[in-house]
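Before any comments, here is the structure.
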């Protein structure tokens with residue numbers, strides 16, 4: 054059963070140059086960003102499960118994806134691509150944009166600080182474009 058599923062994923066991957074290009078185009082910073090985004094989800098779900106006392110059965114999936122991202126497993130481009138995109142948007146991009154907005158309406162308009170936020174935001178957006186197969 055599981056071997057057949059792996060074989061199917063491998064075949065899908067091999068006939069899809071997009072997936073191959075995506076996997077080859079991911080650098081260490083991209084991997085780190087995806088791991089970070091997944092870990093935030095994992096930690097949030099663990100905290101929520103602990104607070105509610107209800108076991109979170111879906112968390113194992115995120116842990117598995119995080120471990121597969123670390124090894125640049127094909128799973129990144131097949132099964133986990135959309136959930137990872139969502140994690141990046143929700144856990145990294147949105148908070149960064151909110152913090153940058155707070156800086157802009159606040160007193161701190163230090164160009165260095167703003168540049169750091171802009172760099173992080175554009176990195177997240179570039180990575181999301183890759184994951185959406187918008188490879189330019």
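Numbering (the working numbering), first residue to last: 54 to 189. Don't be surprised by glycine CBs; every beta carbon is placed ideally from N, CA and C.
Measuring straight from C-alpha to C-alpha, what distance separates residue 143 and residue 57?
As the crow flies, the alpha-carbon of residue 143 is around 33 Å from that of residue 57.
So residue 140 is in the alpha helix (DSSP H); what residue range does that whole segment cover?
From DSSP, the alpha helix (DSSP H) with residue 140 extends over 134-141.
So what's residue 86 in DSSP terms, helix, strand or just coil?
It is helical.
By how many angstroms is the C-alpha of residue 167 removed from the C-alpha of residue 185?
If you take the alpha carbons of residue 185 and residue 167, they lie about 27 Å apart.
Ignore the nearest five residues each way along the sequence and tell me which others in residue 93's own chain have a CB closer than 8 Å to its CB.
Apart from the 5 residues on each side of it in sequence, residue 93 sits with its Cβ closer than 8 Å to the Cβ of 140, 144, 145 in its chain, given in chain order.
Using the Cβ count rule (16 or more neighbours within 10 Å means buried), how would you classify residue 74?
Burial call: exposed.
Own chain partners of residue 173 with C-beta closer than 6 Å, once the 5 adjacent residues on each side are dropped:
Cβ within range, chain order: 149.
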